[in-house]
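As structure tokens, the structure follows; a few thoughts come after it.
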Amino acid sequence: MAVSTILVVEDDPDIRSALCSILEDEGYLVACAADGQEALGALRAGLRPAVILLDLMMPVMDGRDFRAAQLRDPRLAAIPVVVLTADGRLQQAAQALGAADAFAKPFELKVLLRALERVTAASAPACETPAPQVAAHG
């Protein structure tokens, strides 16, 4: 079975580092970005993750702007997104962005891992490429 790549886009360094470490421990290849602009740059450079784990509220380029740019690019539009947010209007935000799933912070790790497993299994492995290091997480 192929190993799936997950792109974690989270501005909080502690949350980003913890998520990246946990996902690596779960057997995923992980690329990390501190904001939407950094993540978009990695995708435009050729990164093709099975799923993007996206925080909505970030500086530089927030999750909504990132998702809009992702959807405008035909090479990137099909990559599924799972949203993380502290925003109380979670369901509205997720639906508006066309997210595969959404989780409010703080989230239950086991539930998030099950959702990522489901989404990565459903995404097309043929479009996935190995994860270049976007940013060191540790």
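The opening residue of the sequence shown carries number 1 in UniProt numbering; numbering runs sequentially from there.
By construction, the Cβ of each residue, glycine as well, lies at the ideal position given by its N, Cα and C atoms.
From the options, residue whose alpha carbon lies closest to that of residue i
| i | options | result |
| --- | --- | --- |
| A34 | D25, V111, E26 and G63 | G63 |
| L43 | L53, K110 and L76 | L76 |
| A86 | A104, A69 and P74 | A104 |
| residue 150 | A96, A50, P49 and G46 | Coverage of the chain is limited to positions 1 through 138, which leaves residue 150 absent and any answer about it impossible. |
| I79 | L56, R16 and A121 | A121 |
| D25 | I6, A50 and R118 | I6 |
| L71 | Q92, L56 and A99 | A99 |
Residue range of the unbroken alpha helix (DSSP H) whose run includes residue i
| i | result |
| --- | --- |
| F66 | G63 to R72 |
| D25 | P13 to D25 |
| V111 | L109 to A122 |
| L40 | G36 to R44 |
Cβ pair residue i, residue j closer than 7 Å
| i | j | result |
| --- | --- | --- |
| M58 | D101 | no |
| L19 | V3 | no |
| A94 | V111 | no |
| A69 | L40 | yes |
| C32 | V8 | yes |
| V81 | L113 | no |
Supposed contact pair residue j and residue i - C-beta distance, whole angstroms, cut 8 Å
| i | j | result |
| --- | --- | --- |
| Q14 | G36 | Residue identity check: residue 14 is Asp in the sequence provided, not Gln. Wrong, their Cβ atoms sit about 19 Å apart, outside the cutoff. |
| L109 | V51 | That belief does not hold up - the Cβ atoms of L109 and V51 are roughly 16 Å apart, past 8 Å. |
Continuous beta strand (DSSP E) stretch holding residue i: start and end
| i | result |
| --- | --- |
| D101 | D101 to A104 |
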